[in-house]
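Scroll down for the structure; my scribbles are underneath it.
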Amino acid sequence: MVSLLWTIAPVLSTCLSTSLSSSQVPLLQHLRFAQDSAAESHQVSFDNGNPWYRWTQGSLNGFPNNNATHVFATDLMAGFMSPNNITQSQLSIARGGNQLLNYAFDWNTNEALNTQPDDVFLLASVSKIYCVAAVQSLLASGKLLSNTPVYSRLGYTSAKDPRVFNITVQNLLEHEGGDDRSISGDPVYMMRNISLETSHGTRPASERDIIEWKLQQMLDYTPGTANPFVYSNYGYLLLSYLVQNITSAPDYYTYLSSAVLEPHDLDVRMWRTSAEYHTSDHVQQVDPGSGPSALDPLSNVTVPFVYGGDGIYKESDMGGAALAASAATLTKTVSLYPVWGWSDGRAPGYSRSGSMAGAYTWVWSRQCDGLDVAVVLNTRDFNTSLVESVLVQSVNQFLDSNGPGTASCSCLSGSGCCCSPGYSCCSLGLGVGGCCSAECC
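The numbering of the sequence shown is the numbering used here, which starts it at 20 and goes up by one.
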């Protein structure tokens, strides 16, 4: 075990002035960290010993300056987690599913947790990436068509609003299924009440309960006419039920595992509602809220939002919000499947975020250098707009100037690609170009 002093405040104050107050920066000027080289776990504490900050390095390679990249990543997350009281997180940067940077972080949390780079975090709406992948597998096999009418395919023949029978797979994938939560509410967060209506609260609401309850409601707009799209959690719950129904799998997750997760060695798990499943979790999903239980609808006892108090019975929302994975698994996933939309393969230039009680997630596929990035946090109890304005922006700025880039991409007349430091995007004639050294240009 080696101990030494390390100063991180200058870097923090330079790149994260928007997230740190002047009173917080001096606190970070003299930190002591201990390195356990065997575990690759590094702990930083204030001189008085509390609070402390720890990172665990899974991988770091392929950057022009790996040491500078390490300093950037650890300083960035320390400067973000501390003022926002985020206790656990991960950051992954990868290309083609190969990890270039894969770190886990703890800030002033239960020291026994020791977050690891392969620990799984609740993904919230980033779970929808996997639902798209499952649907794509059925489209590719011909078991589904993009214009398949969903409710008819499920065998339904009556509804309060006949327009539901025009809802297609494509409508749901593109969030144009006629459901507007700002008008009629979000059924995903109404599962306790739906259970009370459909089964008198004798059991948690199933996907089928929710779907049949929705069939008794009017649509909020004509399917396929939203401009722009109207984000719908219910639409992905419906898609996941369609996947289960078509494949005759016992549940959606079983098919997802066999068709998507296992073939690509993706460690993606169900995040169950009951607290009893999480007593030994390495990651504590943190949220201060509580409410009546969606797991036990007849109970008058309030439970934490994370465990069903927010109205969600997670076992009925695996397609939309209730999967768990590491940041590294996310970057591997979006190298294979679109982070947004339903095109084949990777979707450069797009991103997706997820937010629910106890979780905030952001994953993006960069446009020109083939890098995929994911950040997972164990809470959303902070100003989540800072994730994009501070974390995402800081990572992108760093990668633009210090990332591995590429030395062999195509570009048009000096624009349209990212090159490694020391290379420039140069025209090679006939409207094409590539990354060349200064001498070549």
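Just so it is clear, CB atoms sit at the ideal spot from N, CA and C, and this is done for glycine as well. The structure displayed is predicted, hence computed values, not measured ones.
Could you have a look at residue i and say whether DSSP puts it in helix, strand or coil?
{"i": "S203", "result": "helix"}
{"i": "P468", "result": "The shown model of the chain, from 20 to 460, leaves out residue 468, and the question about it has no answer."}
{"i": "A378", "result": "strand"}
{"i": "D125", "result": "strand"}
{"i": "E234", "result": "Glu is not the amino acid found at residue 234; the sequence shown has Leu there. The answer is coil: DSSP assigns L234 none of H, G, I, E or B."}
{"i": "M289", "result": "strand"}
{"i": "N86", "result": "helix"}
{"i": "H297", "result": "helix"}
{"i": "S531", "result": "Since the first and last residues shown for the chain are 20 and 460, residue 531 lies out of range."}
{"i": "D284", "result": "coil"}
{"i": "T350", "result": "helix"}
{"i": "D137", "result": "coil"}
{"i": "R211", "result": "helix"}
{"i": "E334", "result": "helix"}
{"i": "L410", "result": "helix"}
{"i": "I112", "result": "strand"}
{"i": "T166", "result": "A small fix is needed here, since residue 166 is Asn in this sequence, not Thr. Reduced to three states, the DSSP call for N166 is coil."}
{"i": "P498", "result": "Shown here, the chain extends from 20 to 460; a query on residue 498 therefore has no answer."}
{"i": "S362", "result": "coil"}
{"i": "N117", "result": "strand"}
{"i": "A343", "result": "strand"}
{"i": "G98", "result": "helix"}
{"i": "Q386", "result": "coil"}
{"i": "S370", "result": "strand"}
{"i": "L396", "result": "strand"}
{"i": "D419", "result": "helix"}
{"i": "L132", "result": "coil"}
{"i": "H61", "result": "strand"}
{"i": "Y72", "result": "strand"}
{"i": "T176", "result": "coil"}
{"i": "T403", "result": "coil"}
{"i": "L355", "result": "coil"}
{"i": "T106", "result": "coil"}
{"i": "L157", "result": "helix"}
{"i": "L317", "result": "coil"}
Does the beta-carbon distance from residue i to residue j come in below 8 Å?
{"i": "L423", "j": "G81", "result": "Here the sequence assigns Pro to residue 423, which means Leu is not the residue at that position. A contact, by the Cβ cut-off of 8 Å."}
{"i": "V151", "j": "L163", "result": "no"}
{"i": "A378", "j": "F140", "result": "yes"}
{"i": "A113", "j": "S354", "result": "yes"}
{"i": "L257", "j": "I213", "result": "no"}
{"i": "G254", "j": "D198", "result": "yes"}
{"i": "Y122", "j": "T75", "result": "yes"}
{"i": "G196", "j": "P242", "result": "yes"}
{"i": "L192", "j": "G373", "result": "no"}
{"i": "G330", "j": "Y208", "result": "yes"}
{"i": "R211", "j": "P316", "result": "yes"}
{"i": "Y274", "j": "V262", "result": "yes"}
{"i": "L536", "j": "I105", "result": "Here the chain covers residues 20 to 460 and nothing more, so residue 536 does not appear."}
{"i": "S335", "j": "S225", "result": "yes"}
{"i": "Q107", "j": "V302", "result": "yes"}
{"i": "N133", "j": "W71", "result": "no"}
{"i": "V394", "j": "A346", "result": "yes"}
{"i": "R227", "j": "Y272", "result": "no"}
{"i": "D400", "j": "V305", "result": "yes"}
{"i": "N421", "j": "N129", "result": "no"}
Heavy atom of the ligand SAM less than 7 Å from the Cβ of residue i, yes or no?
{"i": "Y72", "result": "Within the structure as shown, the ligand SAM is missing, as the structure has no ligands at all."}
Given that a residue counts as buried once 16 or more other Cβ atoms are within 10 Å of its Cβ, and exposed if not, what is residue i?
{"i": "S251", "result": "buried"}
{"i": "N190", "result": "buried"}
{"i": "I202", "result": "exposed"}
{"i": "T419", "result": "Here the sequence assigns Asp to residue 419, which means Thr is not the residue at that position. With fewer than 16 other Cβ atoms within 10 Å, it is exposed."}
{"i": "E407", "result": "exposed"}
{"i": "Q416", "result": "exposed"}
{"i": "H61", "result": "buried"}
{"i": "P136", "result": "buried"}
{"i": "F248", "result": "exposed"}
{"i": "S101", "result": "buried"}
{"i": "G174", "result": "exposed"}
{"i": "A131", "result": "exposed"}
{"i": "G327", "result": "buried"}
{"i": "D363", "result": "exposed"}
{"i": "S318", "result": "exposed"}
{"i": "D284", "result": "exposed"}
Does the contact criterion of 3 or more C-beta pairs under 8 Å hold for the stretch 291-308 versus the stretch 156-173? no
Examine the Cβ distances between the stretch 271-280 and the stretch 294-314 and report whether three or more of them are shorter than 8 Å. no
Three or more C-beta pairs under 8 Å: does that hold for the stretch 233-240 against the stretch 337-344? no
Spell out a yes or no on whether the stretch 82-101 and the stretch 372-391 are touching, meaning 3 or more CB-CB pairs, one atom from each, closer than 8 Å. no
The stretch 307-317 contacting the stretch 99-119, beta-carbon criterion three pairs below 8 Å: no
Please list the segments of the alpha helix (DSSP H) lying wholly inside the stretch 221-269, counting only runs of 4 or more residues, in order along the chain. 226-233 and 252-266
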